[in-house]
Amino acid sequence: MINIVLFGKPGAGKGTQAEFLKGKYNLTHLSTGDIFRFNIKNETELGKLAKTYMDKGDLVPDEVTIQMLQSEVDNNPHSAGFLFDGFPRTLAQAGALDRFLESKGQQITATVALEADDEILVQRLLERGKTSGRPDDQDEEKIRNRYQEYNEKTAPLMGYYKEQGKFYAVDGIGSIAEITERLSTVIDNL
Numbered sequence: 000m001i002n003i004v005l006f007g008k009p010g011a012g013k014g015t016q017a018e019f020l021k022g023k024y025n026l027t028h029l030s031t032g033d034i035f036r037f038n039i040k041n042e043t044e045l046g047k048l049a050k051t052y053m054d055k056g057d058l059v060p061d062e063v064t065i066q067m068l069q070s071e072v073d074n075n076p077h078s079a080g081f082l083f084d085g086f087p088r089t090l091a092q093a094g095a096l097d098r099f100l101e102s103k104g105q106q107i108t109a110t111v112a113l114e115a116d117d118e119i120l121v122q123r124l125l126e127r128g129k130t131s132g133r134p135d136d137q138d139e140e141k142i143r144n145r146y147q148e149y150n151e152k153t154a155p156l157m158g159y160y161k162e163q164g165k166f167y168a169v170d171g172i173g174s175i176a177e178i179t180e181r182l183s184t185v186i187d188n189l
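Residue numbers (numbering that gives the first Met the number 0): 0 to 189.
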């Protein structure tokens, strides 16, 4: 079983790359953003709670995110592996994910980070916001707030996974095909 954490700031291309990687490696794609949107659209209790944070441009608290993710993993018991997209985002989430996977006899195989300049990513998100209708992608101040939260809460995960020998950085600028090739090279050599 292969379990990959796809890591990167909002707009780095995690969702786009996950589509290619899940097919190539037969992984179940677990996007916290998609899981949040599903729960919000269907007005679940966790969805309503998550929406209050997302509307402000804040990250959803760990306990809410973890409950949603555990449910999705449990709903895919025969998966060949998981591609975690947008999770974990904090050291507490990483620890919770490790404990949860250990309870299932699994572990994170690797964390692959898509790296890109903030200014390029802000423009990507503003463009995405024009077509996606997502309010969190239409306000530059909210986008920059998400990056500030990322830098404060998520960046420490690099050290966490580096200590475990599971962190790989990939240049996230270029064509979709070029970035997919870079990611595949890392995964194929695990």
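Glycine is no exception: its CB is placed at the ideal position from the N, C-alpha and C atoms.
Check	Outcome
Consult DSSP for Asp138 and reduce its assignment to one of helix, strand or coil.	coil
Cα separation between Pro76 and Val121?	37 Å
What whole-angstrom Cβ distance do Thr108 and Asn188 have, given they're in contact under 8 Å?	Between Asn188 and Thr108 the Cβ distance is about 12 Å, and since that is not below 8 Å, they are no contact.
Just checking: is the beta-carbon of Gln16 within a distance shorter than 8 Å of some beta-carbon in chain D?	Within the model displayed, chain D is absent; a lone protein chain is all it includes.
Taking the beta carbon of Thr184 as the centre, do at least 16 other beta carbons fall within 10 Å, making it buried, or is it exposed?	exposed
What are the start and end residues of the beta strand (DSSP E) that includes Ile3?	Ile1 to Phe6
My assumption, with CB atoms under 8 Å, is that Leu82 sits in contact with Leu29. Please give the rounded CB distance.	7 Å
Could you tell me whether the Cβ atoms of Leu100 and Gly7 are closer together than 8 Å?	no
Rounded to the nearest angstrom, what separates Ser174 and Asp57 at their Cα positions?	30 Å
Starting from Thr184 and walking both ways along the alpha helix (DSSP H), at which residues does that stretch end?	Ile175 to Asp187
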